[in-house]
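**Student:** Quick note: the sequence shown uses the numbering used here, first residue 446, plus one each step. By construction, the Cβ of each residue, glycine as well, lies at the ideal position given by its N, Cα and C atoms.
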Amino acid sequence: MRVKDQMENIGIEEEKGSDWGKSLPVPSVQELVRNDPRSVPENYIQHQQDRPDVSDMASSSFHIPIIDFALLVKGDGDETRKLDLACKDWGFFQIINHGVAEDVLLKMKAAIAAFFGLPLEEKNKYAQAGNDFQGYGQQYVVSEEQKLDWCDMVFLITFPHEIRNLKYWPDTIPGFRDAVESYSKEAWKVANEICTNISLLMGMDKDGLKRFYGKTKQAMRMNYYPPCSRPDLVLGINPHSDPDIITLLLQDDEVPGLQIRHKDKWILVKPIRNAIVVNVGDVLEILSNGVYKSVEHRAITNETKARVSLATIKIPYDELEIGPMECTVDDRQPRMYRNIKYLDYVRYTLGRKMEGKAHIDNILKIESS
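#1: Which residue comes first and which comes last in the beta strand (DSSP E) that contains tryptophan 711?
#2: Between Leu788, Lys798, Asp521 and Ile811, which has its C-alpha nearest tryptophan 465's C-alpha?
#3: How far does the beta strand (DSSP E) with valine 725 in it extend, from its first residue to its last?
#4: Histidine 685 and glutamate 800 - do their beta-carbons sit closer together than 9 angstroms?
#5: Considering Cα atoms alone, identify which of Asn542, Ala555 and Trp633 is closest to alanine 515.
#6: Find the nearest neighbour of tyrosine 613 within the set Arg743, Tyr669, Lys570 and Lys708, judged by alpha-carbon distance.
#7: With DSSP run on the structure shown, which of helix, strand or coil describes histidine 685?
#8: If you draw a straight line from the alpha carbon of aspartate 805 to that of aspartate 727, how long is it in whole angstroms?
#9: Going by the beta-carbon positions, is the gap between leucine 732 and proline 769 smaller than 9 angstroms?
#10: Mind checking whether leucine 818 and asparagine 488 have CB atoms under 9 angstroms apart?
#11: Considering only C-alpha positions, which residue in the set Asp650, Leu680, Glu766 and Leu693 is nearest to glutamine 704?
#12: Could you check where the beta strand (DSSP E) with glutamine 696 kicks off and where it finishes?
#13: Out of Leu795, Asp677 and Ala756, state which residue places its alpha-carbon closest to the alpha-carbon of threonine 749.
#14: Are there three or more Cβ pairs, one per stretch, closer than 8 angstroms when the region 479 to 494 is compared with the region 658 to 667?
#15: Could you give the residue range of the alpha helix (DSSP H) that holds glycine 475?
#16: Would you list the residues sitting across from lysine 786 in a DSSP beta bridge?
#17: If you reduce the DSSP assignment to three classes, tell me which class lysine 798 lands in.
#18: Cα-Cα, which of Ile490, Lys467, Asp498 and Ile511 is closest to phenylalanine 722?
#19: Let me know the secondary structure DSSP gives methionine 553 once reduced to three states.
#20: Under a Cβ-count criterion, where at least 16 other Cβ atoms within 10 Å of its own Cβ denotes burial, should histidine 606 be classed as buried or exposed?
#21: For the region 689 to 706 against the region 752 to 772, are there 3 or more C-beta pairs whose distance is under 8 angstroms?
#22: With DSSP as the reference, please indicate the residues paired to phenylalanine 537 in a beta bridge.
#23: Under the rule that 16 or more other beta-carbon atoms within 10 Å means buried, what is isoleucine 811, buried or exposed?
#24: Please state the DSSP three-state secondary structure of aspartate 523.
#25: Looking only at its chain, what residues have a beta carbon closer than 7 angstroms to the beta carbon of arginine 496, apart from the 5 residues adjacent to it on each side?
#26: Look at glutamine 583 and serine 484 and say whether their C-beta atoms are less than 9 angstroms apart.
#27: Just to confirm my understanding: we take proline 671, look at its own chain, exclude 5 residues before and 5 after, and list those with CB closer than 6 angstroms. What are they?
#28: Going by the DSSP bridge assignment, what does glycine 580 pair with across the sheet?
#29: Straight-line CA distance for glutamate 766 to proline 779?
#30: Less than 9 angstroms between the C-beta atoms of histidine 707 and valine 740, yes or no?
#31: Is it right to say lysine 461 is buried, meaning 16 or more other beta carbons lie within 10 angstroms of its own, or is it exposed?
#32: Buried or exposed: arginine 777, going by 16 or more other Cβ atoms within 10 Å of its Cβ?
#33: So the candidates are Tyr762, Pro701 and Arg622; which of them puts its Cα closest to the Cα of lysine 552?
#34: With DSSP as the reference, please indicate the residues paired to tyrosine 669 in a beta bridge.
#35: Considering just the uninterrupted stretch of the alpha helix (DSSP H) at isoleucine 512, what are its terminal residues?
#36: Taking the straight line between their C-alpha atoms, what separation do you get for aspartate 689 and isoleucine 760?
Structure follows, in structure tokens:
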């Protein structure tokens, strides 16, 4: 089916929520720490080979590629080349001078902190229900035997407006909805501009990607990582790549925690005040036929300080069939991935625990002969 026809057939089912599957309910990590700060339950203790090394958690950290967004928008050749190399070699970069006002960033971070400052019974009013991944709770919990993330989260769909489910949007926190609205609008513009530049780098006109995936959705994952008495035993989020087009991450300026796998080594990403971290998602890796890389990443914890972060994701509509775009396939770069409906892919990934790049490698990679 043509993309245009797919988009015309998208309809009422989107209004019911994500319908991407469900995650098993687990206790609030924040409450576990509040009740017993020194205890680390067994189901949070990672297997020996998966625990962060002391060297991984050292205070020394690394600057991933930094792109001046204001120059990128103006078509600056140096910034465009940096974007290309960052997407190919790193899968991650930070943008500065992105035009999102500091006040908008601060209010968004304050809104997240305010939610997680609520009593548990109040937070539970916004708990996930049924097959909808929106709300307060956890994701990727599919087995009682798996190792859990040292993290609580809230997941909200923010755009388009007609598929928001406002029952998950706290109405008891002054300014929460306004903060989400303001930041969502700015993140939407930034993500679209990045995709415009990537379209040009892929040899299309500026609307090339947009024409392929048509309308997109935007969602937010608000993360709260409580302090942990044994940060060497746990992970805030297990290694994974993102099943989206691109992700914009608003980090905690004071408490680092994001690590990316680069050249088989875990690198702690040093926060830059008011910068936004951007990473390539699985969908863009597939569309670019592997030229741009969605990279494995994880979060570590801190012994004395809580950390908050906000991942804003750009995702296709469920019915879109994704696969390598024609402009990315030739004799030198044969097709590397099978086609798949996005809903099928996201259900596959969310129906399993986080396992690095296993999702995209196991079901979509075409083995070379």
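**Tutor:** Put simply:
#1: Sequence index remark: in the sequence shown, residue 711 carries index 266 (1-based). Looking at the DSSP string, the run of the beta strand (DSSP E) that includes tryptophan 711 is 710 to 713.
#2: Counting from one through the sequence shown, the residue named residue 465 turns up at place 20. Selected option, being the one with the closest Cα: Leu788.
#3: If you number the sequence shown from 1, residue 725 lands on position 280. That run of the beta strand (DSSP E) goes 721 to 725.
#4: One-based indexing of the sequence shown puts residue 800 at position 355. One-based indexing of the sequence shown puts residue 685 at position 240. Yes, Cβ-Cβ distance for glutamate 800 and histidine 685 is below 9 angstroms.
#5: Numbered from 1 along the sequence shown, position 70 holds the residue referred to as residue 515. That would be Asn542, whose Cα lies nearest to the Cα of alanine 515.
#6: Translated into the one-based positions of the sequence shown, residue 613 becomes position 168. Residue Lys570 is the option with its Cα nearest to tyrosine 613.
#7: In the sequence shown, the residue the question calls residue 685 occupies position 240. Strand, per DSSP.
#8: On the sequence shown, residue 805 is found 360 positions in, with the first residue counted as 1. On the sequence shown, residue 727 is found 282 positions in, with the first residue counted as 1. It is worth fixing the name first, because residue 805 is isoleucine in this sequence and not aspartate. Near 7 angstroms, if we compare the C-alpha coordinates of aspartate 727 and isoleucine 805.
#9: Here residue 732 corresponds to residue number 287 of the sequence shown, with the count starting at 1. Here residue 769 corresponds to residue number 324 of the sequence shown, with the count starting at 1. Yes. Within cutoff.
#10: The shown model of the chain, from 446 to 814, leaves out residue 818, and the question about it has no answer.
#11: As a first step, residue 704 is located in the sequence shown; it is residue number 259 there, counting from the start. The residue with the shortest Cα to Cα distance from glutamine 704 is Leu680.
#12: The count along the sequence shown starts at 1 and reaches residue 696 at position 251. No beta strand (DSSP E) contains glutamine 696, which DSSP labels as neither H nor E.
#13: For this step, residue 749 is matched to residue 304 along the sequence shown. Nearest neighbour of threonine 749 by Cα position, chosen from Leu795, Asp677 and Ala756, turns out to be Asp677.
#14: The region 479 to 494 vs the region 658 to 667: no contact.
#15: Translated into positions along the sequence shown, residue 475 becomes position 30. This sequence places glutamine at residue 475; glycine is not what is there. 474 to 480 is the extent of the alpha helix (DSSP H) around glutamine 475.
#16: Walking along the sequence shown from the start, residue 786 turns up at place 341. The partner list for lysine 786 (beta bridge, DSSP) reads Glu766.
#17: Residue numbering aside, residue 798 sits at position 353 when the sequence shown is read from its first letter. Coil, per DSSP.
#18: In the sequence shown, the residue the question calls residue 722 occupies position 277. With the sequence shown as reference, residue 722 is identified as valine, and phenylalanine is not the correct amino acid for it. When only C-alpha atoms are compared, the closest one is Ile511.
#19: Position 108 of the sequence shown, counted from the start, is the residue given in the question as residue 553. Methionine 553 falls in the helix class under three-state DSSP.
#20: Residue 606 sits at position 161 when you count from the first residue of the sequence shown. With fewer than 16 other Cβ atoms within 10 Å, it is exposed.
#21: yes
#22: Along the sequence shown, read from residue 1 onward, the residue named residue 537 stands at position 92. In the DSSP output, where bridge partners are listed per residue, phenylalanine 537 has Asn724.
#23: What you label residue 811 is simply residue 366 of the sequence shown in a count that begins at 1. By the 10 Å Cβ count, isoleucine 811 comes out exposed.
#24: Sequence index remark: in the sequence shown, residue 523 carries index 78 (1-based). The answer is helix: DSSP assigns aspartate 523 an H, G or I state.
#25: Working through the sequence shown from its first residue, we reach residue 496 at position 51. Cβ within range, chain order: Asp677 and Leu678.
#26: Taking the sequence shown and counting its residues from 1, the one referred to as residue 583 is at position 138. Taking the sequence shown and counting its residues from 1, the one referred to as residue 484 is at position 39. No, the Cβ-Cβ distance between glutamine 583 and serine 484 is not below 9 angstroms.
#27: Counting from one through the sequence shown, the residue named residue 671 turns up at place 226. Once the five neighbours on either side are set aside, the close Cβ partners of proline 671 are Val474, Gln475, Val478 and Ala751.
#28: Here residue 580 corresponds to residue number 135 of the sequence shown, with the count starting at 1. Paired residues: Phe600.
#29: Here residue 766 refers to the residue found at position 321 of the sequence shown. Here residue 779 refers to the residue found at position 334 of the sequence shown. Annotation: glutamate 766 to proline 779 spans about 19 angstroms, alpha carbon to alpha carbon.
#30: Walking along the sequence shown from the start, residue 707 turns up at place 262. Walking along the sequence shown from the start, residue 740 turns up at place 295. Contact annotation: histidine 707 and valine 740 have beta-carbon atoms nearer than 9 angstroms.
#31: To locate residue 461, count along the sequence shown from 1; it is residue 16. Because lysine 461 carries a pLDDT of 47, less than 50, the predicted location of this residue cannot be relied on, and the following value inherits that uncertainty. Exposed, because fewer than 16 other Cβ atoms sit within 10 Å of the Cβ of lysine 461.
#32: For this step, residue 777 is matched to residue 332 along the sequence shown. Exposed, because fewer than 16 other Cβ atoms sit within 10 Å of the Cβ of arginine 777.
#33: The residue labelled residue 552 in the question sits at position 107 within the sequence shown. Nearest C-alpha to lysine 552: Arg622.
#34: In the sequence shown, residue 669 corresponds to position 224, counting from 1. DSSP, once it has assigned bridges, lists Asp597 and Val753 as partnering tyrosine 669.
#35: As a position in the sequence shown, residue 512 is number 67, starting the count at 1. Here isoleucine 512 belongs to no alpha helix (DSSP H); instead the beta strand (DSSP E) covers 511 to 513.
#36: Numbered from its first residue, the sequence shown carries residue 689 at position 244. Numbered from its first residue, the sequence shown carries residue 760 at position 315. So the alpha carbons of these two residues sit roughly 5 angstroms apart.
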